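First the structure, in the form of structure tokens, and then the observations on it.
There are 2 protein chains.
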Amino acid sequence: MALIGKLVICGVGLIGGSFALALRRAGQVGRVVGVGRRPEPLQRALALGVIDEVAAGWADALDGADLVLLAAPVGQMDAIMAAMAPHLRPGTVVTDAGSTKRDVIEAVHRHLSGALADVVPAHPIAGAEKSGVEAAFAELYIGRKAVLTPLPESRAAAVELVRAAWEACGARVVDMSPGEHDRVFAAVSHLPHLLAFGLVDDFARRPNAPLLFSHAAGGFRDFTRIAGSHPEMWRDICIANRVALLDELDAYLGELAHLRGLLEAGDGAGLEAVFERARRARNAWAEGLPVQAAE
Amino acid sequence: MALIGKLVICGVGLIGGSFALALRRAGQVGRVVGVGRRPEPLQRALALGVIDEVAAGWADALDGADLVLLAAPVGQMDAIMAAMAPHLRPGTVVTDAGSTKRDVIEAVHRHLSGALADVVPAHPIAGAEKSGVEAAFAELYIGRKAVLTPLPESRAAAVELVRAAWEACGARVVDMSPGEHDRVFAAVSHLPHLLAFGLVDDFARRPNAPLLFSHAAGGFRDFTRIAGSHPEMWRDICIANRVALLDELDAYLGELAHLRGLLEAGDGAGLEAVFERARRARNAWAEGLPVQAAE
Chain A
1 MALIGKLVIC
11 GVGLIGGSFA
21 LALRRAGQVG
31 RVVGVGRRPE
41 PLQRALALGV
51 IDEVAAGWAD
61 ALDGADLVLL
71 AAPVGQMDAI
81 MAAMAPHLRP
91 GTVVTDAGST
101 KRDVIEAVHR
111 HLSGALADVV
121 PAHPIAGAEK
131 SGVEAAFAEL
141 YIGRKAVLTP
151 LPESRAAAVE
161 LVRAAWEACG
171 ARVVDMSPGE
181 HDRVFAAVSH
191 LPHLLAFGLV
201 DDFARRPNAP
211 LLFSHAAGGF
221 RDFTRIAGSH
231 PEMWRDICIA
241 NRVALLDELD
251 AYLGELAHLR
261 GLLEAGDGAG
271 LEAVFERARR
281 ARNAWAEGLP
291 VQAAE
Chain B
296 MALIGKLVIC
306 GVGLIGGSFA
316 LALRRAGQVG
326 RVVGVGRRPE
336 PLQRALALGV
346 IDEVAAGWAD
356 ALDGADLVLL
366 AAPVGQMDAI
376 MAAMAPHLRP
386 GTVVTDAGST
396 KRDVIEAVHR
406 HLSGALADVV
416 PAHPIAGAEK
426 SGVEAAFAEL
436 YIGRKAVLTP
446 LPESRAAAVE
456 LVRAAWEACG
466 ARVVDMSPGE
476 HDRVFAAVSH
486 LPHLLAFGLV
496 DDFARRPNAP
506 LLFSHAAGGF
516 RDFTRIAGSH
526 PEMWRDICIA
536 NRVALLDELD
546 AYLGELAHLR
556 GLLEAGDGAG
566 LEAVFERARR
576 ARNAWAEGLP
586 VQAAE
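Protein chains in written order, with our numbering: chain A, 1 to 295; chain B, 296 to 590.
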């Protein structure tokens, strides 16, 4: 028997669409209903067979729903929860795929305070520079992490349903506190995105931009791949997580000030020590070894 | 008939080794002789068939040589040219694969001032995070650029030989002035390397480094791939090109200060405008379209 009879996806793009396709492939979902702010993506999702029907509204969507995945940019979560709240019934489990967790949980407390036992915030770590339902595919989550940040109030059966759903998608589920989640991903995800967007913008605004881009090669391509990411989604993430992201940006600016000092002084040995430490950590990580804190 | 009878490679690693393999595959080289500061890589190159013999020294290497490629880190170029100068004979063409050009040309003037007509500085744009002769392969340069920065004194036949050699490797040859080369690559190559090394080092030095790296995913992987590059090579590049690199770093620090201000002010529209401009430029570039300077 399928884990989920009726699944509701709010925001049927890469993330929500791939969740639906993965559960269907695993035989763990009966019916998939899509809901969203704009009709066009929902119609495309229907045509692609990612969802089985488009809900007429939240009342229709939530009628008999077992699980709801909110997969919209985090800046929309507040409005989405406000709209769904009047129609949510006890026993329907609500989760999300938001890239930040403290702000989503604040919205939960504002709008779904009567249903905290049914809410299990989560975040699958499966970004891609592509977006939209056309990019969705059933294998997106295989081998990726899905982070759960349950509320103190989340009931065990709700947590287990969300855990089992992500495992059915092929993800490895890990638990974190919302604060730890937001600090860790500010460092390893949100900061690199900001830095990559910034570098491309720095070049794009120059009068000699055509010359610069014409000579950019493989290093630039990889370094800036994430600058092809969805601007609205990343605007929302940066704003939602701006306290932790500012801390990370300031730590990095400290590192760059250090590197700038070494460069200005022509301190080759100092630069090589930084590069060597970085290479050792990067290579260990790439080989799947644990990375120890450097001296 | 082969373009080059006797080819001398000084520094038989990824770059020099791939040049030899590519010319051999194209049937454009007779004999390949390796020279270098340490015997072990030369013996490995010999065992791998990348070179035909190890020179006993510069006198031996340069005897009857048609073309010499200096493929060592740029910090070694001064000592290499000093060592080779007494043995260099008129008509032997000297080129290099150095990642910076103004400093290499300064060394040329210091040590090879009697042979300027035979010198054609160059730079193949084919970095890789791997290094060493084991990483060399004949196809490395196919479709890549090779930048020539001939001297005013370089004779036409020498320039044409170097051009033909890179074309035989499959590279697209472009000409630039040394100053333009160093400024452009400070931006599109040297700066991203510095930034990637810096980010990994920033994380590696933290007490919670194991936690951070354990949650790093695909975006981090691509962004930091170039932090796996050769520390000595990149130390030399940074030092050799530090004036242009400092200019680029300062421009980028200005961009980050702007982004920091937008973040601190919670200016989502401002952030989205930057991200959108960057995405448009990045996507145009990735699709091979010309990138215009943004408004």
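Where is the CB? At the ideal position from N, CA and C, for every residue including glycine.
The structure presented is a predicted model; accordingly, all values stated were derived computationally and were not measured.
Apart from sequence neighbours up to five positions away, the residues of its chain that approach tyrosine 436 of chain B with a beta-carbon distance below 8 angstroms are Ser313, Phe314, Ala317, Pro419, Ala421, Trp461, Cys464, Gly465, Ala466, ordered along the chain. Using a Cβ-Cβ cut-off of 7 angstroms, glycine 270 of chain A does not count as an interface residue toward chain B, since no Cβ of chain B sits closer than that to its own. Serine 484 of chain B reaches chain A at His215, Ala216, Ala217, Gly219, Phe220, counting residues in chain order whose Cβ is nearer than 9 angstroms.
A direct Cα-to-Cα measurement between glycine 474 of chain B and aspartate 542 of chain B gives close to 14 angstroms. In the three-state reduction of the DSSP assignment, aspartate 63 of chain A falls in the coil class. Histidine 418 of chain B sits in a strand when the DSSP states are folded into three classes. Arginine 282 of chain A is classed as buried because its beta carbon has at least 16 other beta carbons within 10 Å across all chains shown. One finds Glu550, Val569, Arg572, Ala573 in chain B with Cβ atoms closer than 7 angstroms to the Cβ of aspartate 201 of chain A, taken in chain order. Beta-bridge partners of alanine 107 of chain A (DSSP): none assigned. Within the model, the alpha-carbon separation for alanine 227 of chain A versus valine 93 of chain A is close to 34 angstroms. Under the Cβ distance rule, tyrosine 547 of chain B counts among the residues neighbouring chain A, one pair being separated by less than 7 angstroms. The beta-carbon of cysteine 464 of chain B is placed no less than 7 angstroms from the nearest beta-carbon of chain A.
Minimum Cα-Cα distance from valine 147 of chain A among the listed residues A:Arg163, A:Arg155, A:Glu134, A:Lys130 corresponds to A:Arg163. Segment contact: the region 497-504 of chain B against the region 527-544 of chain B, fewer than three CB-CB distances shorter than 8 angstroms; contact not assigned. For the 7 angstroms CB-CB criterion, glycine 331 of chain B and leucine 337 of chain B form a contact. Judged by DSSP in its simplified three-state form, leucine 48 of chain A adopts coil rather than helix or strand. Annotation: tryptophan 461 of chain B has no Cβ neighbours in chain A at a cutoff of 8 angstroms; minimum Cβ distance is about 15 angstroms. Not flagged as an interface residue toward chain A: isoleucine 375 of chain B, since no C-beta distance is shorter than 7 angstroms. Between lysine 440 of chain B and valine 483 of chain B, the C-beta gap is not smaller than 7 angstroms, which leaves the two residues out of contact.
Interface annotation, valine 184 of chain A: in contact with chain B, CB-CB separation under 7 angstroms. According to DSSP, isoleucine 299 of chain B shares a beta bridge with B:Val324. A Cβ of chain B is located within less than 7 angstroms of the beta carbon of valine 291 of chain A. The straight-line gap separating the alpha-carbon atoms of leucine 507 of chain B and phenylalanine 498 of chain B is approximately 7 angstroms. In this structure, alanine 380 of chain B places its C-beta atom within 7 angstroms of the C-beta atom of leucine 407 of chain B. Here proline 526 of chain B is buried. Its C-beta has 16 or more other C-beta atoms within 10 Å. Alanine 59 of chain A and aspartate 66 of chain A have their alpha carbons spaced roughly 14 angstroms apart.
Here glycine 5 of chain A really is in contact with glycine 30 of chain A; their C-beta atoms are around 4 angstroms apart, less than 8 angstroms. Scanning B:Ala377, B:Ala573, B:Gly561 for the CA closest to the CA of glycine 75 of chain A turns up B:Gly561. Leucine 298 of chain B counts as buried, since no fewer than 16 other beta carbons sit within 10 angstroms of its beta carbon. The beta carbon of methionine 176 of chain A is closer than 7 angstroms to those of Val147, Thr149 in its chain, skipping five residues each way along the sequence.
Ranked by Cα distance from alanine 158 of chain A, the first of A:Ala186, A:His193, A:Ala138, A:Val119 is A:Val119. Among the bridge pairs identified by DSSP, isoleucine 226 of chain A is matched with none. Residue contact with chain A for proline 447 of chain B: absent (no Cβ-Cβ distance below 7 angstroms to any residue of chain A). In the same chain as alanine 117 of chain A, and ignoring 5 residues on each side of it, the C-beta atoms closer than 6 angstroms to its own belong to Glu153, Arg155, in chain order. Taking 7 angstroms as the threshold, the shortest C-beta distance from alanine 2 of chain A to chain B does not fall below it. Interface with chain B (7 angstroms Cβ-Cβ cutoff): glycine 98 of chain A is excluded.
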